[in-house]
Amino acid sequence: MSEFAIYVAIAIVKIVVLVVLLLTGVAYTVWLERKLVGHIQNRWGPTRVGPFGLLQPLADGLKLIFKEDLVPPHVYRPLYILAPMLSLALALTSISVIPFGNSITIAGRAIPLQITDVNIGLLVILGVTSIGVYGVALSGWSSNSKYSLLGGLRASAQMVSYEVALGLSLVGVLILSGTFSLRGIVEAQAGGVLHWNIFGGFQFVAFFIYLCAAFAETNRTPFDLPEAETELVAGYHTEYSSMKYAMFMMAEYANMITVGCLASLLFLGGWSGPVPAFLPAWAQALMPVFWFSLRIFLFLCLYIWVRGTLPRFRYDQLMAFGWKVLLPLALANIVVTSLVVGLRA
Amino acid sequence: MQQLLFFLFAAICVAGAINLLAQRHPISSALSLIVVMGSLAVIYLLLGAEFVAAIQLIVYAGAIMVLFVFVIMLLNAGEEERTPGSRVAWLFGYPAVAILAGLLTWVFLHGGRQVAGAVPLGGPLAASAGSLESAADAGTAVNIGRLLFHDFLLPFEVTSVLVLIAIMGAVVLARRGEE
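As they're listed, the protein sequences go chains A and B. Numbered according to this note's numbering, the first sequence terminates at residue 349, and the numbering increases by one at each position without gaps. Numbered according to this note's numbering, the second sequence terminates at residue 182, and the numbering increases by one at each position without gaps.
This is the structure we're talking about:
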């Protein structure tokens, strides 16, 4: 096989493995959420299908596939069908630049645990997530129903507003590491917990801003105004059923996982962690992936914990919080960080 | 391969632009504009300007066009009527387009290649700045940063003040209704 064919084959295998893992992760995040929220509210959550309800995602998936795929007669069809596809495709795309660990060696060939390493990796993720708004906005508009439209409007206003704070909160990290490459940012934090950007770089303010903005970007409680069920029925996906509805949900959970990946890469030292020397070589090679997944898991638990505890914001509070609190804080963080870096140099 | 991609995305870009004019519904027009922006980003990428490509995607397709779509959705704009064009368009518009197209064709065919052909984006900037190793990595964020904040600092700052004035003007205009 030629070098090019091998390269393409490796890339395809990586993409397939990662997408399958991501979708499984999405399914089990739903399970985790139902379990954890259940326990927070003194319930058991799913217990019937399989041990601890572990097969529940499978049952849910089957149910959604076999449901009737209703298309209301008054919708604008092309966009109505395009919107969920757009949401899911973009949510899955952003995983492609995320590194999961160092490279592993198979048959004398070093394979980096990342689909592609571009030197503007962070910008690619920001770009893809900023396009992701269209899925929500267009579904709201094309459904031709007032609840959907209100949900879509809220979503686009909210996502555009919080994207500013989100982008600015990352600038401090970029100043400290001096690169857009996610691998480079992780390597700049090497050397233990105290070198992580959140502690060693004093980026905890930025981390807080990132957390709030990321919750808003993924439409999760306390910022789930676009699908506030008490006022908007189900918001932008009111008119969707069956797999189209499931695609929106999959996109939401995939985005949560991406946000968790990004938080661990930028603030929490990526995949760094102790690798015990007594383990066999293959296990040592996979330890970074384990540490990385652990961080994502804890991040998802935080998401669910917040959902279980906090009430929803009012819409004007949401906008005021984004523009009058998070944005000035992020700007102040940039000024202070660059002053410190400049004085140190 | 590069040339193939270029022609592919150039065709998509032009098709999107024509569709933007031909569509009667504002949302469809806005979406075609997004397609145009996206394919422009790909063309930047092909020219080696990856930073500009990412910014194109984030700022134009991701922020500005979202606001366009937002406003169209908010106003719930319906389909436009097709009008037979004004007399001014017949008198000046069409001849002007024809002359411009002819002029551009002539420039491209007669030695205009050095001016507008396969020049890497940022190449002219790099040549005028003279501080870069090669024109090939003119597109990286480091070099663009150096050009913006070092070599072209004054124009950059003047532009930012201009944008600030525009923002303040918008706020003043929006506030007037409240009093």
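We treat Cβ as the ideally placed atom computed from N, Cα and C, and that holds for glycine.
Residues of chain B with CB closer than 7 Å to the CB of residue i, please, in chain order.
i: residue 130(A); result: 61
i: residue 145(A); result: 30 and 76
i: residue 164(A); result: 66, 69 and 70
i: residue 290(A); result: Within chain B, no residue comes near residue 290(A); the closest Cβ sits about 31 Å away, beyond 7 Å.
i: residue 343(A); result: By Cβ distance, chain B contributes nothing, its closest Cβ being about 16 Å from residue 343(A), past 7 Å.
i: residue 156(A); result: 76
i: residue 184(A); result: 144
i: residue 153(A); result: 76
According to the neighbour-count rule (16 or more other Cβ atoms, all chains shown, within 10 Å of its Cβ), is residue i buried or exposed?
i: residue 292(A); result: buried
i: residue 329(A); result: exposed
i: residue 133(A); result: buried
i: residue 73(A); result: exposed
i: residue 24(A); result: exposed
i: residue 79(B); result: exposed
i: residue 8(B); result: exposed
i: residue 93(B); result: exposed
i: residue 151(A); result: buried
i: residue 112(B); result: exposed
Excluding the 5 residues flanking residue i on each side, which residues of the same chain have their C-beta closer than 6 Å to its C-beta?
i: residue 98(B); result: none
i: residue 134(B); result: In this prediction, residue 134(B) has a pLDDT of 45, which is less than 50 and means its spatial position is unreliable; what the coordinates show is noted afterwards. For residue 134(B), where only same-chain residues beyond five positions count, there are no Cβ hits under 6 Å.
i: residue 348(A); result: none
i: residue 345(A); result: 179
In chain order, what residues of the same chain lie with their CB nearer than 8 Å to the CB of residue i, ignoring the 5 residues before and after it?
i: residue 231(A); result: 155, 223, 238, 239, 240 and 241
i: residue 48(B); result: 56
i: residue 68(A); result: 246, 247, 249 and 250
Please list, in chain order, all residues of the same chain as residue i whose beta carbon is under 7 Å from its beta carbon, the five residues on each side excluded.
i: residue 6(B); result: none
i: residue 14(A); result: 115
i: residue 127(B); result: Below a pLDDT of 50, predicted positions are generally treated as unreliable, and residue 127(B), at 48, falls in that range; the measurement from the model is reported next regardless. Excluding residues within five positions, none has a Cβ falling inside 7 Å.
i: residue 63(A); result: 53
i: residue 307(A); result: 224 and 260
i: residue 33(B); result: 68, 71, 72 and 75
i: residue 122(B); result: Model confidence at residue 122(B) stands at a pLDDT of 47, short of 50, so the residue's coordinates are unreliable and nothing is read from them.
i: residue 157(A); result: 144
i: residue 137(B); result: In this prediction, residue 137(B) scores a pLDDT of 48, lower than 50, which makes its location untrustworthy; the coordinate-derived value is nonetheless stated afterwards. Excluding sequence neighbours, residue 137(B) sits near nothing in its chain.
So residue i contacts chain B; which residues on that side make the cut at Cβ distance below 8 Å?
i: residue 141(A); result: 69, 72, 73 and 76
i: residue 12(A); result: The contacting residues do not exist; residue 12(A) stays about 13 Å from chain B at best.
i: residue 137(A); result: 65 and 69
According to DSSP, which residues form a beta bridge with residue i?
i: residue 109(A); result: 114(A)
For a contact defined as C-beta to C-beta under 9 Å, what are the partners of residue i on chain A?
i: residue 18(B); result: In chain order: nothing, as chain A lies at least about 16 Å away.
i: residue 177(B); result: By Cβ distance, chain A contributes nothing, its closest Cβ being about 14 Å from residue 177(B), past 9 Å.
Residues of chain A with a CB under 8 Å from the CB of residue i: which are they?
i: residue 53(B); result: 122, 123 and 124
i: residue 57(B); result: 124, 127, 128, 130 and 131
Please list, in chain order, the chain B residues whose beta carbon lies closer than 9 Å to that of residue i.
i: residue 134(A); result: 60, 61, 62, 64, 65, 66 and 69
i: residue 160(A); result: 69, 70, 72, 73 and 76
i: residue 174(A); result: Those do not exist, as residue 174(A) stays about 12 Å from chain B at its closest Cβ, beyond 9 Å.
i: residue 3(A); result: What the structure shows of chain A is the stretch from 5 to 349, and residue 3(A) is not part of that stretch, so it cannot be assessed.
Practice problem: Check whether the stretch 79-97 of chain A touches the stretch 141-152 of chain A, counting contact only when three or more Cβ pairs, one atom from each stretch, lie closer than 8 Å. | Solution: yes
Exercise. Kindly confirm or deny that the stretch 52-66 of chain A and the stretch 214-228 of chain A touch, where touching means at least three C-beta pairs closer than 8 Å.
Key: no
Quiz item: Between the stretch 330-340 of chain A and the stretch 168-178 of chain A, are three or more C-beta pairs nearer than 8 Å?
Solution: yes
Quiz prompt | contact_flag[the stretch 181-200 of chain A, the stretch 266-281 of chain A] where n(CB pairs < 8 Å) is 3 or more | solution = yes
Quiz prompt | Cβ contact (3+ pairs, closer than 8 Å) linking the stretch 56-69 of chain B and the stretch 162-171 of chain A | solution = yes
Quiz item: With contact counted as at least three CB pairs below 8 Å, one residue from each stretch, are the stretch 281-291 of chain A and the stretch 247-259 of chain A in contact?
Solution: no
Self-check item: At least 3 beta-carbon pairs within less than 8 Å: the stretch 311-330 of chain A vs the stretch 27-44 of chain A
Solution: yes
Practice problem: Assess, as a yes-or-no matter, whether the stretch 118-126 of chain A is touched by the stretch 185-194 of chain A under the definition of 3 or more beta carbon pairs within less than 8 Å. | Solution: yes
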